[in-house]
DNA sequence: AGTATATGGGTAAAGGATTACTCATGAGAA
DNA sequence: TTCTCATGAGTAATCCTTTACCCATATACT
C-alpha cells in the first residue's frame, strides 16, 4: 500500500531542491541540470510520487480531459466510436470522460454542468438536444453523428456526420442493380428527433425515381422502434397482406435481422425471392446464417476528424477543420449475401 | 455563451456576503439566514455560477468519482454492467470514470496512476492483472467478475463474481435432463488468465459424473477465441470427424451461435438431433432463428452489491459487505428453444 | 443584572502545483 | 577589468474552495 500522501513539497525537501525545480523536472521545462534531474527522479520513484492533477488543473485553469455525451454506450456503434476516440486521445495525453445519458435530457444537462465544473477542455456531443444559451460551454466542441436541428456554428465547434441520404440512395440502388423492381422499405419512424432515417428514406425515393420505378406507399412500413421484433412483424405484414417485394431496404440492421429470420421461417428464399439491404453494419449482420448486405458508417474517419480537430484546437493551430464547420462523410456499401 | 469565469469570490462580492457564507449556502451547511440564502442563490443563478470541482477536490483531498477498469466496453456484458453502475452512482452524486484497457496491462497501469492522481474515491477493477504493492491504491475497491488469481483481501476491498462452476453444472444438467447421454463441450481455452471457462468445464464434468455418464475427451473441443467462427469450426469438427453429440454445452454464447448456424447449414436439426446450451445471455442469443438456451449472469445483483459497497464505505458504515470479502453469486438458466 | 448559549457571518489558512520574477554564478566579449 | 548573457535554481503569488476559529448580537436562564 502506498505511503501517506506525498506532495511536491516533500519531494523537493527530500531531494534538497525547491518545489519549482521539481515542478520543472516533472514538466520537463528545462532550467535544471542533469544531476538535479536524476536526483529528483530517483526520489520521486522511491516515494512512488504521483502529481496531484487537481492542483495542476486548478492552477492551469484546465484539465486535459474531454467529455463525451452519448445516448447509450451499449449501442454497438456508439460503443465503438467511444472506444476508438478514447484510445486515440489517451495516446495524446487526454482523458475521455463518458457521459451516458440514456437519452434523458435532464441527465445530459447535469453532465454538461459537471463538465464545466471540472474545467474540462473539450466536449463531444452525440445528442439532438438543443441547448439554451447559458447551457453552452465555451470549449472546443464536436457534434458527432447526431446533430441538433437548429445548430448554430458559433464559437469553437464543428459537426461530423455521415450522409444518410446517400446511404439510402446507394442501398436502394444496389437492390435495383440486382434486378429488383418492386422495392420495399422498413423505416424506423423516429418521431422525436433523429432525422437520419428520414434522410435514408429520401435517398430511397431518389434511387427509385432515378430508375423510373414508381413510388408506392404500400411498400413503406414504418415502425416505432428499430429492433428485431419490428423487423419480423414488417416481414410478416409483407408476407400475409401486402405481398412480397423483391427487394427490401431496412433503415437499420436490427430490422433487417428480424425480417430475414421471419422470411426464412416462412420459407421465403433470401436472396432469391427477396433481397435485403440493412444499415449500420452491426456485427450481428455478418453473423447471421445468411450474412446481411448493409451500409457502413465512416466510423474511422469520424473518429479521426474528431481527434484531429481537438488536437489542432488545443495547439491553437488554425487548421482547415476549423473553417469547414459542417462535415458530411460518405458511407459505404458492404456487399454480403442478402443482396 | 457563459460570461468569463465566475468564482465564489465574485458571487460573494455581488451578494454582499463573505465567501464563507456563499460556500455554506452551496453546501447547505447551515449558519446562514433564509434571506441570505435567497440572495446568494439568486446571484448564483443570475451569473450562471458553477463551483469549481477541482478546487473543492483539492481542498477536500477527494473527489466523488469512481474509476472502473474494464477490458472492453464494447463487450455487451461489460457495457451493461458499466451503464448500470454509472447510472446508479450518478444518482448518489458520484461520477464513474470508464477506463477501457483493451486488455492491455500497460494501459491499465497508466489508468491506475491517473485514478490516483485525480484523487478518486473508489475503484472497480474488471481485470485479472496482478498488481505490485506500490501500484495498489488505498481506496475502497471492488474486484468485479474477473478476479486476480492471488488476490489478497487486505485493505478496503471486496470481490464480486458469479459461480462459473455452478453455471457449467446446471447447463450440462439441463441437457442431461432433456435426455442427452452424449454431451459434448466447446470450451474457450483462455490460456493467460481467466479461470472462468475452466470452472465451467469442471461443472460440466461434475454433472456428467453425477449422472453416471462416462467422461470422454473426444467430446471436448478447445478453441483459442470465443467467437462465431470457432463455434462453427467446432460444430464442423463434430459433424465431419468426431461424430454428432446429442447435446452440446458451449462455454460462451458466441460459440453457441456459430455452432448453431453451422449445424443448421448442414441440415442438422436443433434441438431434435443436437441440443445446445450457451453461456452469458448475450442479446444475440435470443435473436437467432432458433433462440438459444443459455446461462445468465446475476448482472443486476453484481451491480447492486458493487454500488451498495461503495455507498456504505463512503458513509463509513460497517456493513455486512465489508466483512464478507469474497462474494460468489448464483447464475440462472434461461430456457429457450435449443435445449 | 450577569452569565451562558445560539445564531449569523467574517477572516484567513490550508490544499498542491505552476510560473513570473529574482538572483547568483560563471563564461565570453570588449 | 568590466559588462553581458546564459544557466540553474529559489521565492512567493496564484488558482478556487472549504473550514477551523473568531466575533458580534440577541435571547434565555439564574
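Residue numbers (the numbering used here), protein chains in the order written: chain A, 2 to 340; chain B, 2 to 340. No residue lacks a Cβ here, since even glycine has one placed at the ideal position from N, Cα and C.
*Check whether the Cβ atoms of residue 146 of chain A and residue 329 of chain A lie closer than 8 Å to each other.*
no
_One question on the structure: do residue 251 of chain B and residue 288 of chain A come within less than 8 Å of each other, judged by their Cβ atoms?_
no
_Among the candidates A:204, A:139 and A:299, whose CA atom is the shortest distance from the CA of residue 114 of chain A?_
A:139
*For residue 237 of chain A, which residues of its own chain have a beta-carbon under 7 Å away from its beta-carbon, when the five flanking residues on both sides are left out?*
263
*asked:* Please state whether the Cβ-Cβ distance between residue 248 of chain A and residue 176 of chain A is less than 8 Å.
replied: yes
_In this structure, how does DSSP classify residue 216 of chain B when only helix, strand and coil are distinguished?_
coil
*From which residue to which residue does the alpha helix (DSSP H) around residue 144 of chain B run?*
No alpha helix (DSSP H) holds residue 144 of chain B; the beta strand (DSSP E) holding it covers 142–145.
*Does residue 288 of chain A get closer than 8 Å to chain B when you measure Cβ to Cβ?*
yes
*asked:* Whole angstroms are fine: how far does the CA of residue 132 of chain B sit from the CA of residue 72 of chain B?
replied: 16 Å
*asked:* Considering only the alpha carbon of each residue, which of A:130, A:87, A:88 and A:119 lies closest to residue 106 of chain A?
replied: A:130
*Against chain B: residues of the segment 256–274 of chain A by CB proximity under 7 Å*: 258, 262, 265 and 266
*So with Cβ pairs under 8 Å, would you call residue 51 of chain A a contact of chain B?*
yes
*Excluding five sequence neighbours on each side, which residues of the same chain lie with their C-beta closer than 8 Å to the C-beta of residue 141 of chain B?*
122, 123, 124, 157, 158, 310, 311, 314 and 315
*List the DSSP bridge partners of residue 121 of chain A.*
A:64
*When DSSP labels each residue in this structure, what does residue 306 of chain A get in the three-state scheme?*
helix
*Touching by the beta-carbon criterion (3+ pairs, under 8 Å), the segment 66–84 of chain A and the segment 77–91 of chain B*: yes
*Any idea which residues DSSP pairs residue 189 of chain B with across the strands?*
B:224
*Starting from residue 46 of chain B, follow the beta strand (DSSP E) in both directions and report where the run begins and ends.*
Counting along the chain, residue 46 of chain B falls outside any beta strand (DSSP E), though it belongs to the alpha helix (DSSP H) covering 35–47.
*Closer than 8 Å to chain B by CB, residue 323 of chain A*: no
*With a cut-off of 8 Å, do at least 3 Cβ pairs link the segment 38–45 of chain B to the segment 55–73 of chain B?*
no
*What span of residues does the beta strand (DSSP E) with residue 31 of chain A cover, start to end?*
No beta strand (DSSP E) contains residue 31 of chain A, which DSSP labels as neither H nor E.
*8 Å Cβ cutoff met for residue 279 of chain A and residue 254 of chain A*: yes
_Cβ separation of residue 190 of chain A and residue 223 of chain A, assumed to be a contact under 8 Å, to the nearest whole Å_ = 4 Å
*Counted within 10 angstroms of its Cβ, other Cβ atoms place residue 281 of chain B as buried (16 or more) or exposed*: buried
*Which bits of chain B does residue 42 of chain A rub up against, with CB to CB less than 8 Å?*
What residue 42 of chain A touches in chain B: nothing, since even the nearest Cβ is about 15 Å away.
_Segments assigned alpha helix (DSSP H), at least 4 residues, entirely inside the segment 72–121 of chain B_ = 77–92 and 106–118
*asked:* Which residue marks the beginning of the beta strand (DSSP E) containing residue 160 of chain A, and which one marks its end?
replied: 158–163
_Inter-residue Cα distance where the pair is residue 87 of chain B and residue 96 of chain B_ = 7 Å
*asked:* Mapping the DSSP letters down to three states, classify residue 268 of chain B as helix, strand or coil.
replied: coil
*asked:* Taking the alpha helix (DSSP H) that residue 204 of chain A belongs to, which residues open and close that run?
replied: 197–211
*asked:* For a contact defined as C-beta to C-beta under 8 Å, what are the partners of residue 282 of chain B on chain A?
replied: Those do not exist, as residue 282 of chain B stays about 14 Å from chain A at its closest Cβ, beyond 8 Å.
_Straight-line Cα distance separating residue 60 of chain B from residue 13 of chain B_ = 19 Å
*asked:* I need the DSSP call for residue 334 of chain B, collapsed to helix, strand or coil.
replied: strand
*DSSP three-state assignment for residue 171 of chain B, whether helix, strand or coil*: helix
_residue 322 of chain A in three-state terms, based on DSSP_ = helix
*Extent of the continuous alpha helix (DSSP H) to which residue 249 of chain A belongs*: No alpha helix (DSSP H) contains residue 249 of chain A, which is instead part of the beta strand (DSSP E) from 248–251.
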